[in-house]
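**Q**
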Amino acid sequence: NWHLKENARDHHTSKFSSKELIVRRGQAFIVTFNGTEQPEQNLTFIAETGPKPSKLTKTQATFGISSTVSKESWSAVLQSTSSNSVSISISSPPNAVIGRYKLSVQITSSGSSSPASLGTFVLLFNPWSSGDDVFMPNKAECDEYVLEEFGIIFAGNKNHINSFGWNFGQFQGDILNICLSMLDRSLNYRQDPATDVSHRNDPKYLGRVLSAMVNANDDQGVVLGNWSGNYEGGKSPNSWTGSGEILQNWKKSGFKPVRYGQCWVFAAVLTTVLRCLGIPTRTITNFSSAHDADGNLRVDEFYDASGNHLDRAADSIWNFHVWNESWFSRSDLGPSYSGWQVLDATPQEESGGIYQCGPASRNAIKEGDVDLDYDCPFVFAEVNADCMYWNYDLATGKKTLIFSQSTVIGQFISTKAVGRDDRVDVTNDYKYEEGSKKERDTFKKARKKLGLEDKFDPTAPTPQEIDQKPDISGKFKVAGPLEVGKDLNLILVLANLQSDAKTVHVNMTAWSTVYTRRPVHEIWKDSISVTLSPKEEKQFPIKIQYTEYQQQLTTDNTIQVTALCHVEGGIQVLVQRDITLDNPAIDIQVLGEAKVNKEVDVEVIFTNPIDTEVMDCVLQVEGNDLLRGILEIDVPPLKASETSSTKFKLIPFETGPKHLLVNFSCDKFANIKTFKMVNV
Numbered sequence: 030n031w032h033l034k035e036n037a038r039d040h041h042t043s044k045f046s047s048k049e050l051i052v053r054r055g056q057a058f059i060v061t062f063n064g065t066e067q068p069e070q071n072l073t074f075i076a077e078t079g080p081k082p083s084k085l086t087k088t089q090a091t092f093g094i095s096s097t098v099s100k101e102s103w104s105a106v107l108q109s110t111s112s113n114s115v116s117i118s119i120s121s122p123p124n125a126v127i128g129r130y131k132l133s134v135q136i137t138s139s140g141s142s143s144p145a146s147l148g149t150f151v152l153l154f155n156p157w158s159s160g161d162d163v164f165m166p167n168k169a170e171c172d173e174y175v176l177e178e179f180g181i182i183f184a185g186n187k188n189h190i191n192s193f194g195w196n197f198g199q200f201q202g203d204i205l206n207i208c209l210s211m212l213d214r215s216l217n218y219r220q221d222p223a224t225d226v227s228h229r230n231d232p233k234y235l236g237r238v239l240s241a242m243v244n245a246n247d248d249q250g251v252v253l254g255n256w257s258g259n260y261e262g263g264k265s266p267n268s269w270t271g272s273g274e275i276l277q278n279w280k281k282s283g284f285k286p287v288r289y290g291q292c293w294v295f296a297a298v299l300t301t302v303l304r305c306l307g308i309p310t311r312t313i314t315n316f317s318s319a320h321d322a323d324g325n326l327r328v329d330e331f332y333d334a335s336g337n338h339l340d341r342a343a344d345s346i347w348n349f350h351v352w353n354e355s356w357f358s359r360s361d362l363g364p365s366y367s368g369w370q371v372l373d374a375t376p377q378e379e380s381g382g383i384y385q386c387g388p389a390s391r392n393a394i395k396e397g398d399v400d401l402d403y404d405c406p407f408v409f410a411e412v413n414a415d416c417m418y419w420n421y422d423l424a425t426g427k428k429t430l431i432f433s434q435s436t437v438i439g440q441f442i443s444t445k446a447v448g449r450d451d452r453v454d455v456t457n458d459y460k461y462e463e464g465s466k467k468e469r470d471t472f473k474k475a476r477k478k479l480g481l482e483d484k485f486d487p488t489a490p491t492p493q494e495i496d497q498k499p500d501i502s503g504k505f506k507v508a509g510p511l512e513v514g515k516d517l518n519l520i521l522v523l524a525n526l527q528s529d530a531k532t533v534h535v536n537m538t539a540w541s542t543v544y545t546r547r548p549v550h551e552i553w554k555d556s557i558s559v560t561l562s563p564k565e566e567k568q569f570p571i572k573i574q575y576t577e578y579q580q581q582l583t584t585d586n587t588i589q590v591t592a593l594c595h596v597e598g599g600i601q602v603l604v605q606r607d608i609t610l611d612n613p614a615i616d617i618q619v620l621g622e623a624k625v626n627k628e629v630d631v632e633v634i635f636t637n638p639i640d641t642e643v644m645d646c647v648l649q650v651e652g653n654d655l656l657r658g659i660l661e662i663d664v665p666p667l668k669a670s671e672t673s674s675t676k677f678k679l680i681p682f683e684t685g686p687k688h689l690l691v692n693f694s695c696d697k698f699a700n701i702k703t704f705k706m707v708n709v
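First residue of the sequence shown? That's 30 in the numbering used here, and the numbers climb one at a time after it.
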């Protein structure tokens, strides 16, 4: 008798829906044997994992009955005996290898009898146990970062943060088995299975291996990335609402990469896998996130004379980027670098020859200790890089610096609050305050450690270029709603900073982009010439009609507007703004009280906000413990301004606060998402 219920309760594994024993390391579990005639002293247990179990690699343990629990090794202690049964408490050390074990017993008195197999159990990390590398002293944080299956991911841009729900679903169905098979499909396992399994006691090792396995690059991992704006042959990255469907699809297809993902999909799947294995993990969103491809802590962007953002640099500044933090100690670096560690499964740059990133200690990033393992320079640049904006002459290949900025990268770094559906800002955990002396000193320290201070960089701007002062300033102001289906109204504000008149020729463009700010389609362009009197400020209204952008918009709903101002006798001024348009709202109502095993009606209401009919409407619904799998409902076409009401039934099967996630799509609007908390 494996005492599944009692052991699961004691080990915080009750949420798994498994017929197999699932326990955490460094903590005892009870098994009872019936019908044993033998004195207990003659029992020897064997616990083994991996393809080549051995004592040397700590993947096999042999232990008899002892009077006390050992902290260093596996042990068994007698709990109680009766005439025909014996209960034994088995403990694993807090640094045991995690994974699926085979448990056998041998009866020593009867000579050379071969061991009898008792079955298998799964051993996980234990954040509730003080001896474990992943020990998290705060119980509410354990509940959120290991046991919570619902999450909120932040997106949009620094001027306009939005968010959507995600179903991590780490305890559902077959997810644990899929996570374990991910480990057995990694490059490390394929090269040397026994050594790989012997390292599975180390969260640093597993975090790094899994950051590689979640993306498809190198190893036929779980998700194939696509940032082109064209998602034929797969699902748009914006259309997923949970990790379960992705992981199940990967397994069902015979482990072919699932199409397609972008950063939040990689981060959400990695959250699911690490929480499932017992490593406390959360998603982090960094706004204005630098992708520094060449490791010089500088990001270069290029514009042509018309103000078009040229897609010619390896570097880029993303509207936002999502990665992970996992909680564990860093015995390799020392206690001051323990705690939250950055892992990033989005394939951006190779590390050690493959697409993997981290764990980088968050404290090391804050202190500029970029020489420490793993991948600190890349993560440091994501939140700290300097930006250079260049004018690039396509005919001659000459580049001229327009201006540089050191405070735009790494803003509003966000994660979900513990136990609440709110945003928490963690920017101060990544860096000292922008513009402060401490922040600049840390940046210099990082440059020095990377050898950038002493090296001549022919691509860098000269001090004269950096110090040049513009004659005018400019900005785009938003004048009206930022909603898909409505015209986009902006105001270009130009101000003369000098005490003599200036003539300015302005070339303006608007492009649809993906959230990485990669231009996809030109939407609009215009040019104006203006004279500004001394110290004068002028406003120029700009209207981009829905009919102009509707065909060109990507599923990210992002538009980049640029004005390149050529000032006669002065230096050029670049004005730009990234705009994220909101989808129209969608509303969920639960009609009545949600009770376990009782039907309850749910209504989803959507109003078509535009003056043309919308077709191909589909509603997708998921929610752990509220319904099994994903519900897809076809919704009839909607005429202009018409409202649709779609009803469906739920039969909840667990009590407590549950989250229902809804995603509505049609030919004019992609992936309108919302979620609702349902108290069952």
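Built from N, CA and C at the ideal position, the CB exists for glycine as well.
1. Buried or exposed: where does serine 257 fall if 16 or more other Cβ atoms within 10 Å of its Cβ makes it buried?
2. Near glutamate 77, which residues of its chain fall below 7 Å by C-beta distance, leaving aside the five closest residues on each side in sequence?
3. Taking threonine 73 as the reference, give the member of Arg469, Ala145, Ser121 and Gln493 with the closest Cα.
4. Out of Val522, Thr560 and Gln589, which one is the CA nearest neighbour of lysine 554?
5. Report the rounded CA-to-CA distance for phenylalanine 295 versus glutamate 330, giving the unit in angstroms.
6. Would you say the segment 510-526 touches the segment 606-616, given that touching needs at least three Cβ pairs under 8 Å?
7. Please classify aspartate 404: is it buried, with 16 or more other beta-carbons within 10 angstroms of its beta-carbon, or exposed?
8. Are the beta-carbon atoms of serine 317 and valine 437 separated by less than 7 Å?
9. Quick one: measure Cβ to Cβ for glycine 387 and leucine 372, integer angstroms, because I've assumed they're closer than 8 Å.
10. Could you spell out the range, first to last residue, of the beta strand (DSSP E) harbouring valine 126?
11. Please confirm whether threonine 52 and asparagine 30 have their CB atoms less than 7 Å apart.
12. Select from Gln199, Leu239, Ser390 and Ile204 the residue whose C-alpha is nearest the C-alpha of serine 215.
13. Since glutamine 370 is in the beta strand (DSSP E), which residue starts that stretch and which ends it?
14. Do arginine 311 and glutamine 199 have their CB atoms nearer than 7 Å?
15. Which complete alpha helix (DSSP H) runs does the segment 524-566 hold, if anything under 4 residues is left out?
16. With burial defined as no fewer than 16 other Cβ atoms inside 10 Å of the residue's Cβ, what is the status of methionine 706: buried or exposed?
17. By Cβ distance, which residues of its chain are closer than 6 Å to tyrosine 366, with the 5 residues on each side in sequence left out?
18. Beta-carbon within less than 6 Å of serine 435's beta-carbon, same chain only, minus the 5 sequence neighbours each way: which residues are those?
19. Would you say phenylalanine 150 reaches chain B, if we count a Cβ-Cβ gap shorter than 7 Å as a contact?
20. To test your reading of the DSSP string, which unbroken beta strand (DSSP E) runs of 3 or more residues are found completely within the segment 455-522?
21. In the segment 139-177, which residue ranges form an unbroken beta strand (DSSP E) of at least 3 residues, counting only runs that do not cross its ends?
22. Look at alanine 374 and aspartate 344 and say whether their C-beta atoms are less than 7 Å apart.
23. Return the bridge partner residues of leucine 401 from the DSSP annotation.
24. Look at proline 266 and glutamine 291 and say whether their C-beta atoms are less than 7 Å apart.
25. Can you tell me the Cα-Cα spacing of asparagine 518 and proline 638, whole angstroms?
26. In this structure, how does DSSP classify glycine 185 when only helix, strand and coil are distinguished?
27. DSSP three-state label for isoleucine 680, please.
28. Is it the case that the Cβ atoms of isoleucine 552 and alanine 539 are separated by a distance below 7 Å?
29. So within the segment 563-628, which uninterrupted alpha helix (DSSP H) runs reach at least 4 residues, ignoring any that extend past its ends?
30. Asparagine 626 to asparagine 708, Cα distance in whole Å?
31. Any contact of the segment 114-129 with the segment 88-105, i.e. 3+ C-beta pairs under 8 Å?
32. Roughly how many angstroms separate the alpha carbons of alanine 699 and tyrosine 575, rounded to a whole number?
33. Around the Cβ of proline 570, are there at least 16 other Cβ atoms within 10 angstroms (buried) or fewer (exposed)?
34. Looking at asparagine 155 and glycine 55, is the spacing between their C-beta atoms short of 7 Å?
35. What's the gap between the Cα of glycine 464 and the Cα of threonine 488?
36. Quick check on phenylalanine 316: does DSSP put it in helix, strand or coil?
**A** With the structure as the only source:
1. Locating residue 257 in the sequence shown gives position 228, counting from the first residue. Exposed is the call here.
2. Within the sequence shown, numbered from 1, the residue matching residue 77 stands at position 48. Same-chain partners within the cutoff: Thr88, Gln89, Tyr130 and Lys131.
3. Along the sequence shown, read from residue 1 onward, the residue named residue 73 stands at position 44. Looking from the CA of threonine 73, the closest CA among Arg469, Ala145, Ser121 and Gln493 belongs to Ala145.
4. Position 525 of the sequence shown holds residue 554. Out of Val522, Thr560 and Gln589, Gln589 has the C-alpha closest to the C-alpha of lysine 554.
5. Position 266 of the sequence shown, counted from the first residue, corresponds to residue 295. Position 301 of the sequence shown, counted from the first residue, corresponds to residue 330. Straight-line measurement puts the Cα of glutamate 330 at about 26 Å from the Cα of phenylalanine 295.
6. By the Cβ test, the segment 510-526 is in contact with the segment 606-616, since at least three Cβ pairs between them sit closer than 8 Å.
7. Residue 404 sits at position 375 when you count from the first residue of the sequence shown. Buried, by the Cβ-count rule.
8. By one-based count along the sequence shown, residue 317 stands at place 288. By one-based count along the sequence shown, residue 437 stands at place 408. Yes, the pair counts as a contact, with Cβ atoms nearer than the cut-off.
9. By one-based count along the sequence shown, residue 387 stands at place 358. By one-based count along the sequence shown, residue 372 stands at place 343. Contact holds; Cβ gap of about 4 Å.
10. Taking the first residue of the sequence shown as 1, we reach residue 126 at position 97. Premise fails: valine 126 is in no beta strand (DSSP E) and is neither H nor E.
11. Counted from its first residue, the sequence shown places residue 52 at position 23. Counted from its first residue, the sequence shown places residue 30 at position 1. In the sequence under discussion, the amino acid at residue 52 is valine, which differs from the threonine named in the question. Not in contact: valine 52 and asparagine 30 (Cβ atoms no closer than 7 Å).
12. For this step, residue 215 is matched to residue 186 along the sequence shown. The residue among Gln199, Leu239, Ser390 and Ile204 with its C-alpha nearest the C-alpha of serine 215 is Leu239.
13. Sequence index remark: in the sequence shown, residue 370 carries index 341 (1-based). Its beta strand (DSSP E) spans residues 368-372.
14. Counting from one through the sequence shown, the residue named residue 311 turns up at place 282. Counting from one through the sequence shown, the residue named residue 199 turns up at place 170. Not closer than 7 Å, so no.
15. Restricted to the segment 524-566, not a single alpha helix (DSSP H) segment is unbroken, complete and at least 4 residues in length.
16. Within the sequence shown, residue 706 is the residue found at index 677, counting from 1. Exposed is the label assigned to methionine 706, since fewer than 16 other Cβ atoms lie within 10 Å of its Cβ.
17. The residue labelled residue 366 in the question sits at position 337 within the sequence shown. Here the set comprises Arg359, Ser390, Asn392 and Ala393.
18. On the sequence shown, position 406 is the one that residue 435 refers to. Result list for serine 435: Asp415, in chain order.
19. Protein chain content of the structure displayed is limited to a single chain, and chain B is not contained in it.
20. Runs found: 501-507.
21. Here the runs fully enclosed are 145-153.
22. Position 345 of the sequence shown, counted from the first residue, corresponds to residue 374. Position 315 of the sequence shown, counted from the first residue, corresponds to residue 344. The beta carbons of alanine 374 and aspartate 344 sit no closer together than 7 Å.
23. Here the question's residue 401 lines up with position 372 in the sequence shown. Beta-bridge pairing links leucine 401 to no other residue.
24. Residue numbering aside, residue 266 sits at position 237 when the sequence shown is read from its first letter. Residue numbering aside, residue 291 sits at position 262 when the sequence shown is read from its first letter. Yes, the pair counts as a contact, with Cβ atoms nearer than the cut-off.
25. Here residue 518 is taken as the residue at index 489 of the sequence shown, counted from 1. Here residue 638 is taken as the residue at index 609 of the sequence shown, counted from 1. Near 17 Å, if we compare the C-alpha coordinates of proline 638 and asparagine 518.
26. In the sequence shown, counting from the first residue as 1, residue 185 sits at position 156. If DSSP states are grouped into helix, strand and coil, glycine 185 belongs with the strands.
27. By one-based count along the sequence shown, residue 680 stands at place 651. Annotated three-state conformation of isoleucine 680 is coil, per DSSP.
28. Taking the first residue of the sequence shown as 1, we reach residue 552 at position 523. Taking the first residue of the sequence shown as 1, we reach residue 539 at position 510. Going by C-beta atoms, isoleucine 552 is nearer than 7 Å to alanine 539.
29. Counting whole runs of 4 or more residues, the segment 563-628 contains the alpha helix (DSSP H) stretches 575-578.
30. Taking the first residue of the sequence shown as position 1, residue 626 is located at position 597. Taking the first residue of the sequence shown as position 1, residue 708 is located at position 679. Each residue's alpha carbon lies about 14 Å from the other.
31. By the Cβ test, the segment 114-129 is in contact with the segment 88-105, since at least three Cβ pairs between them sit closer than 8 Å.
32. Indexing the sequence shown from 1 puts residue 699 at position 670. Indexing the sequence shown from 1 puts residue 575 at position 546. So the alpha carbons of these two residues sit roughly 15 Å apart.
33. Stepping through the sequence shown from its first residue, residue 570 is reached at position 541. By the 10 Å Cβ count, proline 570 comes out exposed.
34. Against the sequence shown, residue 55 aligns to sequence position 26. Against the sequence shown, residue 155 aligns to sequence position 126. Closer than 7 Å, so yes.
35. In the sequence shown, the residue the question calls residue 464 occupies position 435. In the sequence shown, the residue the question calls residue 488 occupies position 459. One C-alpha to the other measures close to 25 Å.
36. Residue 316 sits at position 287 when you count from the first residue of the sequence shown. Look at phenylalanine 316 here: in three-state DSSP terms it is strand.
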